Each structure stands twice: as structure tokens, then as C-alpha cells.
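Mapped onto our numbering, the consecutive letters of the sequence shown carry residue numbers 545 to 873.
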Amino acid sequence: MSPGKTPKNNLQFLSFFINTIKAVHDNADLVRASIATVGNEHRLGANEAPPAIISIFIGSHMTSILEELKKRVQPGKFDENDKDELKLDIHNKIPDLMQHNTDRNRTSPFAFTGNKFEIRTVGASQNCSAPMIVLNTIVANQLRQFKQDVDACGLSNVRDTPRALDFYVSDKTKKLFSDNNVLTEAELDARHDIQLDHYSKMLQIESRVMGNLAYNHVLPVAIEYQNELLNNIRGIKEINDDEDLYGPQKELIEKISHHIKEVRANAKAMVDERKKANELEDTKDIAIAYCDKVKAYFEPIRYHVDKLERIVDDRLWPLPKYREMLFIR
Numbered sequence: 545m546s547p548g549k550t551p552k553n554n555l556q557f558l559s560f561f562i563n564t565i566k567a568v569h570d571n572a573d574l575v576r577a578s579i580a581t582v583g584n585e586h587r588l589g590a591n592e593a594p595p596a597i598i599s600i601f602i603g604s605h606m607t608s609i610l611e612e613l614k615k616r617v618q619p620g621k622f623d624e625n626d627k628d629e630l631k632l633d634i635h636n637k638i639p640d641l642m643q644h645n646t647d648r649n650r651t652s653p654f655a656f657t658g659n660k661f662e663i664r665t666v667g668a669s670q671n672c673s674a675p676m677i678v679l680n681t682i683v684a685n686q687l688r689q690f691k692q693d694v695d696a697c698g699l700s701n702v703r704d705t706p707r708a709l710d711f712y713v714s715d716k717t718k719k720l721f722s723d724n725n726v727l728t729e730a731e732l733d734a735r736h737d738i739q740l741d742h743y744s745k746m747l748q749i750e751s752r753v754m755g756n757l758a759y760n761h762v763l764p765v766a767i768e769y770q771n772e773l774l775n776n777i778r779g780i781k782e783i784n785d786d787e788d789l790y791g792p793q794k795e796l797i798e799k800i801s802h803h804i805k806e807v808r809a810n811a812k813a814m815v816d817e818r819k820k821a822n823e824l825e826d827t828k829d830i831a832i833a834y835c836d837k838v839k840a841y842f843e844p845i846r847y848h849v850d851k852l853e854r855i856v857d858d859r860l861w862p863l864p865k866y867r868e869m870l871f872i873r
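Okay, structure coming up:
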């Protein structure tokens with residue numbers, strides 16, 4: 545994908561460059577489906593870059609070149625002399641590309657970095673073959689069509705995995721893979737079904753682990769510390785019944801009680817929704833249930849557990865804290 549040393553090679557580079565951009569632009573939903581995983585729901589557009597919207601970064605230098613092309617290439621007003629002049633102008637500007645083009649903050653999901661495109665949305669645990677199949681197919685299809693005019697269209701922002709995976713079985717996707725003899729409709733349906741099942745099972749495991757941690761680790765130590773505070777208050781009262789002396793401990797007990805109640809209520813509701821989801825038969829319905837019903841309790845459970853982590857005595861807390869994972873004692 546590197547720029548060449550002659551006008552001809554640079555025009556070839558520019559052709560592949562533009563068609564790759566259009567292929568990703570026209571098939572952003574399918575690219576999103578190819579990187580749809582449980583982990584990416586937490587990552588994309590949430591706690592770290594890149595965003596869930598499949599956009600493309602090409603750098604200010606290439607942007608200026610394309611803007612100039614758009615202005616200079618006017619239908620009906622472009623003769624052979626104009627073409628030769630444009631070829632030379634493009635050739636003179638593109639060699640600077642390697643020095644000027646970079647995405648320093650790494651926030652773009654699909655970026656051109658001087659001599660290659662990078663797709664940065666693939667999850668750490670994900671096999672990269674799925675997005676590579678999609679990218680190779682859509683670019684090959686786009687090179688066959690080689691359209692020069694790009695119709696403006698809105699950006700798709702599918703936030704969850706089950707609905708993103710539906711683009712694998714859309715009519716557009718099936719025609720794309722069928723026309724290029726890559727995957728049949730049956731193979732796409734199979735991939736769709738397998739990915740949905742994998743999604744559900746991953747969330748089922750995550751839900752079971754979260755429930756286990758809440759019931760068997762977090763709640764017991766929170767109650768233990770609460771009892772220690774209660775014993776402390778009783779001891780103070782035996783000496784002096786002045787509430788100012790044990791008021792802070794009483795306030796801590798009330799906070800702990802609130803968070804214990806919320807953790808238990810949300811964990812129980814999560815388990816109930818998981819049982820309902822497991823009773824469903826359709827793979828898509830199960831995935832949607834885990835996405836909309838089960839996973840919905842992850843955040844509130846985590847919120848109240850985080851609050852307890854800050855209150856409960858460190859010597860009792862059974863799980864590693866973020867600061868301990870970052871800076872091991």
C-alpha cells in the first residue's frame with residue numbers, strides 16, 4: 545500500500561486508497577459485525593478508544609490531497625492536459641505522506657498510517673480471521689465496481705453485539721459474499737448462529753462468575769466488617785452513651801447495609817433473568833435476552849461492589865483492587 549516513485553504508481557496507490565475507504569464506508573455495519581464480541585461491548589466507545597462507529601482516519605495530508613482532487617476534477621471541464629498536470633501534482637505531493645501522516649492518539653477504529661491501513665477494533669481475545677475475511681471481500685468487491693462517486697450516507701452506530709451480528713445475514717451481506725464466491729448463505733447463517741451462541745455463553749460465564757463473587761466473597765466480608773463496627777459501637781456505649789462518639793461508625797454501617805441490599809437484589813435479579821434466558825430455544829432470542837436483561841445488572845452490581853471496596857477494611861477484602869493490580873505490593 546506504499547506510495548510509489550512514479551506518477552503511474554502513485555495513481556495506482558491512490559486508486560487502492562480510495563476504494564479501500566469506500567469499501568469500509570459502504571460496509572461499515574459488516575465491519576462492525578466482524579469485531580462484535582463480549583469484550584468489545586465494554587471497550588468500543590466506552591472506557592477506551594476507539595469508538596463503536598466505524599470511521600476512517602487518513603490524516604490531514606491525504607485529506608488535503610483528496611479535497612484538491614474534488615475541486616479540480618469537474619465533469620465536462622477536464623481534458624487530457626488537465627489529467628497530465630494532475631498526475632504530476634499528485635506525484636509531487638504524495639511522497640511527503642510517510643512523514644506527515646499519523647494518528648497519534650490512536651482513537652480511530654480504521655486508520656491509514658503512511659503505508660498501510662490498520663483496523664484497531666479487533667478484541668484481544670478475538671481471532672482476526674473474521675474481520676480479515678470481511679475486509680478482503682469488501683475491498684475486492686469495491687475494486688470490481690470501482691465507483692468514483694460516493695453517495696453521502698449516515699454512520700451506523702450499533703451498540704450491542706447481537707444486533708451487530710445481524711448484518712452477517714442481511715440481504716446485502718449475503719449478496720456480497722455470494723457474488724464474490726466467498727461464503728454461501730448457509731455458511732453465513734451458520735456463522736451468525738455460532739457467534740450468537742458464543743456471545744450468550746460468554747455472558748453466561750461472566751454472569752455466573754459475578755454472582756459467585758458477589759454471594760461468596762463480597763457479601764460475606766461486608767457483613768463481617770459490619771459486625772465488627774456493631775461490636776465497636778456496643779463497646780463505646782458501655783463506656784459512654786454519647787452518640788457523637790460512635791456516630792461515624794453508625795453512618796458506615798448504614799452505608800454498608802445499603803450497598804449489601806443493592807448487591808444482593810441485583811445479583812438475585814440477574815440470576816433470575818439468566819434462568820429465563822436459558823429456557824428460551826431460539827439462539828437469537830437467547831442472545832438478546834442476555835444482552836438486554838442479564839447484562840443490564842452487571843453495571844449496578846459492579847457499582848455497589850466498588851463502593852463496598854472503598855469502605856470495607858482492607859485486611860478483610862478478598863479480591864485484588866485496581867491499585868494493587870497496577871502497583872503490586
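Glycine included, C-beta positions come from ideal geometry on N, C-alpha and C. Bear in mind the structure is a predicted one, so any value in this text is a computation, not a measurement.
Please determine, among the options, the residue with the shortest C-alpha to C-alpha distance to residue i.
i: ILE597; options: ASP785, ARG703 and LEU613; result: ARG703
i: ARG492; options: GLN748, LEU747, LEU789 and THR717; result: Nothing about residue 492 can be read from this structure; the chain reaches only from 545 to 873.
i: PHE557; options: ASP573, ALA577 and ASN659; result: ASN659
i: ALA708; options: HIS586, VAL762 and LEU574; result: LEU574
i: TYR878; options: LYS812, LEU757 and ILE797; result: The question about residue 878 has no answer, for the chain in this structure spans 545 to 873.
i: GLU853; options: ILE804, ALA821, THR827 and ILE600; result: ILE804
i: SER601; options: ILE663, ARG576 and PHE560; result: At residue 601 the sequence reads Phe, which differs from the Ser that was named. Taking only the C-alpha atoms, the option nearest PHE601 is ILE663.
i: PRO844; options: GLU729, ALA809 and LEU732; result: ALA809
i: LYS819; options: LEU747, ILE565 and LYS615; result: LEU747
i: THR607; options: PHE561, VAL815, GLU782 and GLU823; result: PHE561
i: SER578; options: THR651, TYR712, HIS605 and ALA655; result: TYR712
i: LEU774; options: GLN793, ASP785 and LEU757; result: GLN793
i: ASN685; options: ASP857, HIS569, GLU823 and PHE871; result: HIS569
i: HIS802; options: HIS605, ILE749, PHE654 and LEU763; result: LEU763
i: GLY667; options: ILE609, PRO595 and ASP710; result: PRO595
i: LEU610; options: ARG576, ILE565, GLU585 and HIS586; result: ILE565
The beta strand (DSSP E) that contains residue i, what's its start and end?
i: PHE654; result: 654 to 656
i: PHE661; result: 661 to 663
Residue i and residue j look like a contact to me (Cβ under 8 Å); what is the Cβ gap, rounded to whole Å?
i: ILE800; j: ILE855; result: 6 Å
i: PHE690; j: ASN571; result: Actually they do not touch by this definition, with Cβ atoms about 15 Å apart.
i: SER714; j: GLY583; result: With 8 Å as the limit, SER714 and GLY583 do not qualify as a contact, their Cβ atoms being about 24 Å apart.
i: ILE830; j: SER744; result: 5 Å
i: LYS821; j: LYS839; result: Before going further, note that residue 821 is Ala rather than Lys in the sequence given. With 8 Å as the limit, ALA821 and LYS839 do not qualify as a contact, their Cβ atoms being about 10 Å apart.
i: VAL753; j: ALA567; result: Rounded, the Cβ-Cβ distance is 39 Å, inconsistent with contact.
i: GLY755; j: VAL807; result: GLY755 to VAL807, Cβ: 10 Å. No contact.
i: ALA758; j: ALA811; result: 4 Å
By the DSSP assignment, the alpha helix (DSSP H) with residue i in it spans what residues?
i: ILE874; result: It is not possible to answer for residue 874, since the shown part of the chain is limited to 545 through 873.
i: ALA684; result: 673 to 689
i: PRO876; result: In the structure as shown, the chain begins at 545 and stops at 873. Residue 876 is therefore absent and cannot be evaluated.
i: ILE845; result: 842 to 855
i: ASN784; result: Unbroken run through ASN784: none, as it is neither H nor E.
i: ARG859; result: Careful: ARG859 lies outside any alpha helix (DSSP H) and carries neither H nor E.
i: ALA572; result: 572 to 578
i: ASP829; result: 827 to 833
i: TYR712; result: TYR712 -> no alpha helix (DSSP H), and no H or E assigned at all.
i: VAL838; result: Taken as a continuous stretch (DSSP letters only), VAL838 belongs to no alpha helix (DSSP H), as it is neither H nor E.
i: GLY583; result: 582 to 587
Could you tell me the distance, in whole angstroms, from the CA atom of residue i to the CA atom of residue j?
i: LEU687; j: LEU727; result: 18 Å
i: LEU679; j: LEU860; result: 50 Å
i: LYS552; j: GLY603; result: Below a pLDDT of 50, predicted positions are generally treated as unreliable, and LYS552, at 48, falls in that range; the measurement from the model is reported next regardless. Rounded to the nearest angstrom, the two C-alpha atoms are 23 Å apart.
i: THR665; j: ASP723; result: 27 Å
i: ALA580; j: CYS835; result: 13 Å
i: ASN771; j: VAL765; result: 10 Å
i: PRO706; j: PRO675; result: 16 Å
i: ASP741; j: TYR841; result: 20 Å
i: ASN649; j: SER559; result: Below a pLDDT of 50, predicted positions are generally treated as unreliable, and ASN649, at 48, falls in that range; no measurement from the model is reported.
i: HIS848; j: TYR790; result: 24 Å
i: ASN938; j: ILE738; result: The structure shown does not extend to residue 938, since the chain is modelled only from 545 to 873, so the question has no answer here.
i: HIS761; j: LYS851; result: 15 Å
i: THR657; j: LYS828; result: 38 Å
i: ALA833; j: ASP826; result: 11 Å
i: ASN671; j: ILE677; result: 11 Å
i: ALA730; j: PHE721; result: 11 Å
i: GLU817; j: SER652; result: 36 Å
i: SER673; j: THR681; result: 12 Å
i: PRO862; j: ILE767; result: 13 Å
i: ARG846; j: GLU782; result: 38 Å
i: GLU868; j: SER599; result: 36 Å
i: ASN784; j: GLU795; result: 18 Å
i: ASN625; j: LYS615; result: Caution is warranted here: a pLDDT of 48 is assigned to ASN625, below 50, making its placement in the model unreliable, and the coordinate value is therefore given only provisionally. In a straight line, the C-alpha of ASN625 is about 16 Å away from that of LYS615.
i: LYS865; j: PHE871; result: 10 Å
i: ALA696; j: GLU612; result: Note that ALA696 scores a pLDDT of 46, beneath 50, so its modelled location is shaky and nothing firm can be said.
i: HIS605; j: LEU732; result: 39 Å
i: ARG576; j: ALA655; result: 15 Å
i: LEU588; j: ILE749; result: 21 Å
i: HIS586; j: ASP710; result: 19 Å
i: ARG788; j: ARG778; result: Contrary to the premise, residue 788 reads as Asp rather than Arg in this sequence. Rounded to the nearest angstrom, the two C-alpha atoms are 14 Å apart.
i: LEU824; j: LYS719; result: 31 Å
8 Å is my cut-off, CB to CB: does residue i come that close to chain C?
i: LEU574; result: In the displayed structure, chain C is absent; only one protein chain is listed.
Length at least 4, wholly inside the region 715 to 765: the alpha helix (DSSP H) runs in chain order: The region 715 to 765 contains these whole alpha helix (DSSP H) runs: 715 to 723 and 729 to 757.
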